[in-house]
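First residue of the sequence shown: 1082, per the working numbering; consecutive thereafter. Using N, Cα and C, we set each Cβ at its ideal position, and we do this for glycine too. Written below as structure tokens is the structure these notes are about.
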Amino acid sequence: SDLGERTANACGDEITVTWTITDTCIDPIMASATYTITAPPAITYDILPQDATVSACDYTDGDFAQWVEDQETALNLGGGCEPMLSSDLGERTANACGDEITVTWTITDTCIEPIEASATYTITAPPAITYDILPQDATVSACDYTDGDFAQWVEDQETALNLGGGCEPMLSSDLGERTANACGDEITVTWTITDTCIEPIEASATYTIAPTPEIVLTLPQVETMICNVAFPESLMATYTGCVPGELNVGPTNMRYSDDGCAELADYVFTTPEDVCGNYVTETITITREFDKYDNCETMFARNGDDALCFLDDNIGNDGGDFNRWGWTNLVSPSDTDYIMNLYAGAAHCDISKGAHVGTATVNYNGSNMTISYNLFEGYGMNEAHVYVGCDLYPMKNAKYTVAPGQYNFNPGGSYDYVNELTIEIDDLPGSDLYVIIHGVVCEEVCKCSEGYNSGGTESMNGSGVTNCDNAKIAASSTSESSEFKAYPVPFEEEVTFKYSFSYDTDVTIEIYDMKGSLLKLIKDTDYSLGKDKEYKLNLSSFGTQMFLVKLTTNKEVITKQIVSSN
1082 SDLGERTANA CGDEITVTWT ITDTCIDPIM ASATYTITAP PAITYDILPQ DATVSACDYT
1142 DGDFAQWVED QETALNLGGG CEPMLSSDLG ERTANACGDE ITVTWTITDT CIEPIEASAT
1202 YTITAPPAIT YDILPQDATV SACDYTDGDF AQWVEDQETA LNLGGGCEPM LSSDLGERTA
1262 NACGDEITVT WTITDTCIEP IEASATYTIA PTPEIVLTLP QVETMICNVA FPESLMATYT
1322 GCVPGELNVG PTNMRYSDDG CAELADYVFT TPEDVCGNYV TETITITREF DKYDNCETMF
1382 ARNGDDALCF LDDNIGNDGG DFNRWGWTNL VSPSDTDYIM NLYAGAAHCD ISKGAHVGTA
1442 TVNYNGSNMT ISYNLFEGYG MNEAHVYVGC DLYPMKNAKY TVAPGQYNFN PGGSYDYVNE
1502 LTIEIDDLPG SDLYVIIHGV VCEEVCKCSE GYNSGGTESM NGSGVTNCDN AKIAASSTSE
1562 SSEFKAYPVP FEEEVTFKYS FSYDTDVTIE IYDMKGSLLK LIKDTDYSLG KDKEYKLNLS
1622 SFGTQMFLVK LTTNKEVITK QIVSSN
């Protein structure tokens, strides 16, 4: 062959070799062939390593190694045969407090000259630590010291530092659980500033508290035995000490005496504790005696056998007897006073079961009436109610009643256990009148006051007592009955109202919602006694709610509640 010294270029070549066959008696025979080595593909990469700068304040362990890794990843090395990437980093590591490291990477592969690329990673040093005022010593008197002053001083020292610069400078102290003794103390606190890349900086200051003076308490001069007056709302004492001042205290620990006729109260004067925990306490005890009444009973006046017991009449709210005892008394204009006995607790009008507690004197001259309560010693009255009228009893909602709250001359209602009371009524009609005299009387248990307790005189106008010739009842009455129904309850759309009365009357039915708004009105102006009447009413348009139904006749008012369910 003609190969000779020729050799193949491993990175790419094309060699043609011709072989010749020779022998005796033949012409040379030649044959050729070509050996081709194709060149490797070119090396490829995306991004060569890039410089980076980071502040030491932001640097964390591993950031530099991550940057190295990121540069190698960003190269995205390709092409060639088996390209290899290496660097001169070696064992080098970054100084987190400030550094500059240049790394050179080398790409090697078959058939290429090494390719080098370098990048620098820079860590900038943190700024210097700054502060304004280092902690300062302080001295305070125990008299001026208040809870929290020491803690505030500590806080003020830290605030005055106004720590800045560095990365994240931290301030700590050796204070720990130490607190100031307000009675006297000396505490030295050492603060330490630490931060990335610096040696700790220390500064100390001392807080000093001095001792307190004696406390002297001066009490007021007061009466310690009082009668029928309230305890003083407050008493005042003065004291000396760190901060001289006044104490205004009210009654405490109020309790009754063993006999129950007095109440005791303590006025406890306690000075504020000073910072050492010192204080002075003194007590003044005041005894408040009082008039005390108990075993209270209702009381009515009885004009002897001429009085009519409520229970003997038959015009009560239910058409039968009243369920209260008491008497109504007929009086006529006269120059002579009526002296009526006052009885308390005389159930069923049986005076043998009650107590004779005093007298009521009635003076009636035709136009004016004077009623005087006079209680026996040992009794006091705290309520008074008087009825004067043409009828035996007062009326409410067209029904007769003997409830004292419905009487027409109620002079203020309540009294402070008086022994006497006078009620003057003028402008009366001059006819015979019925009088009910009521009160609430109590037994005297304790007494510290002297003398007779008078309720004074109450003057009232009687012009409302009229039409005695047309009085609705006399000493005997017949019962009347009434019936009013609403059904069904609850109803869906329509409700039926049914009523019956034992007298001729006009009838009005009003339907209200629970806010008081009138929704419907029914009038029956020709009802005759004994008839059963019905009205049907559709209330479906008002929805599901509760209604108030009010039926009014010439003699009474009846109310009911109904509810719809539509």
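Listed in chain order, the non-local C-beta contacts of Y1374 below 7 Å within the same chain comprise G1461, Y1498, C1523, E1524, E1525 and V1526, local neighbours out to five positions each way being set aside. Of the candidates M1476, T1586, V1469 and D1104, the residue whose Cα lies closest to the Cα of G1511 is V1469. Spatial neighbours of R1336 in its own chain (CB-CB distance under 6 Å, excluding positions within 5 residues in sequence) are listed in chain order as L1345. Below 8 Å, enough C-beta pairs join the stretch 1424-1432 and the stretch 1381-1396 to call them touching: three or more. In this structure, E1239 lies away from D1276, with their beta-carbon atoms at least 8 Å apart.
Assignment of alpha helix (DSSP H) within the stretch 1210-1287, counting only whole runs of 4 or more residues, yields 1230-1242 in chain order. Inter-segment contact for the stretch 1621-1637 and the stretch 1472-1488 is present: three or more beta-carbon pairs are separated by less than 8 Å.
Closest in alpha carbon position to T1183, among T1189, G1358 and R1173, is R1173. Around A1091, the same chain offers I1118, T1191 and C1192 as residues with beta carbons nearer than 8 Å, after the five sequence neighbours per side are excluded. Between I1188 and P1164, the gap from beta carbon to beta carbon is short of 8 Å. C-alpha of R1383 to C-alpha of N1404: approximately 18 Å in a straight line.
Apart from the 5 residues on each side of it in sequence, Y1496 sits with its Cβ closer than 8 Å to the Cβ of M1462, N1463, E1464, A1465, L1502 and G1536 in its chain, given in chain order. About 29 Å separates the CB atoms of G1246 and I1268; that is not less than 8 Å, and the two are not in contact. Only residues of its own chain outside the window of five on either side were considered, and among them D1508 have a CB closer than 6 Å to the CB of S1544, listed in chain order. The C-beta of G1358 has fewer than 16 other C-beta atoms within 10 Å across all chains shown, which makes the residue exposed. Following the DSSP letters along the chain, one finds A1146 inside the alpha helix (DSSP H) bounded by residues D1144 to L1156. Linking G1229 to S1285 through their CA atoms gives a straight-line distance of about 20 Å. Here the alpha carbons of D1237 and T1185 stand approximately 53 Å from one another.
In the structure shown, Q1487 falls within a helical segment according to DSSP collapsed to helix, strand and coil. Pairing Y1515 with D1472 gives a Cβ-Cβ distance under 8 Å.
Contact annotation, W1408 with F1381: C-beta distance approximately 5 Å; criterion of less than 8 Å satisfied.
Residues D1587 of the same chain have their beta carbon placed closer than 6 Å to that of T1606, with the five preceding and five following residues left out of the count. Around G1459, the same chain offers E1524 and E1525 as residues with beta carbons nearer than 8 Å, after the five sequence neighbours per side are excluded. Within the same chain, Cβ atoms closer than 8 Å to the Cβ of A1484 are found at R1405 and K1477, the five residues on either side in sequence being excluded. The three-state reading of DSSP puts K1434 in helix, counting H, G and I together.
For A1425, the enclosing beta strand (DSSP E) starts and ends at Y1419 to A1425.
Per DSSP, the continuous beta strand (DSSP E) segment holding W1100 begins and ends at D1094 to I1102.
8 Å or more divides the Cβ of G1326 from the Cβ of D1355. The C-beta distance from T1099 to S1082 rounds to 6 Å, short enough to meet the 8 Å contact threshold. Taking M1251 as reference, the option from D1340, T1293, A1232 and T1273 with the minimal CA-CA separation is T1273. Excluding the 5 residues flanking it on each side, G1341 has same chain C-beta neighbours closer than 8 Å at K1373, V1526 and C1527, in chain order. Per DSSP, the continuous beta strand (DSSP E) segment holding C1523 begins and ends at L1514 to C1527. Of the residues C1377, N1334, T1271 and L1298, the one whose Cα lies closest to the Cα of V1361 is L1298. Counting along the chain, the unbroken beta strand (DSSP E) around V1184 starts and ends at D1180 to T1189.
Annotated as proximal: I1592 and K1601, with beta-carbon spacing under 8 Å. The alpha carbon of M1317 has as its nearest neighbour, out of E1363, A1177, A1311 and T1134, the alpha carbon of E1363.
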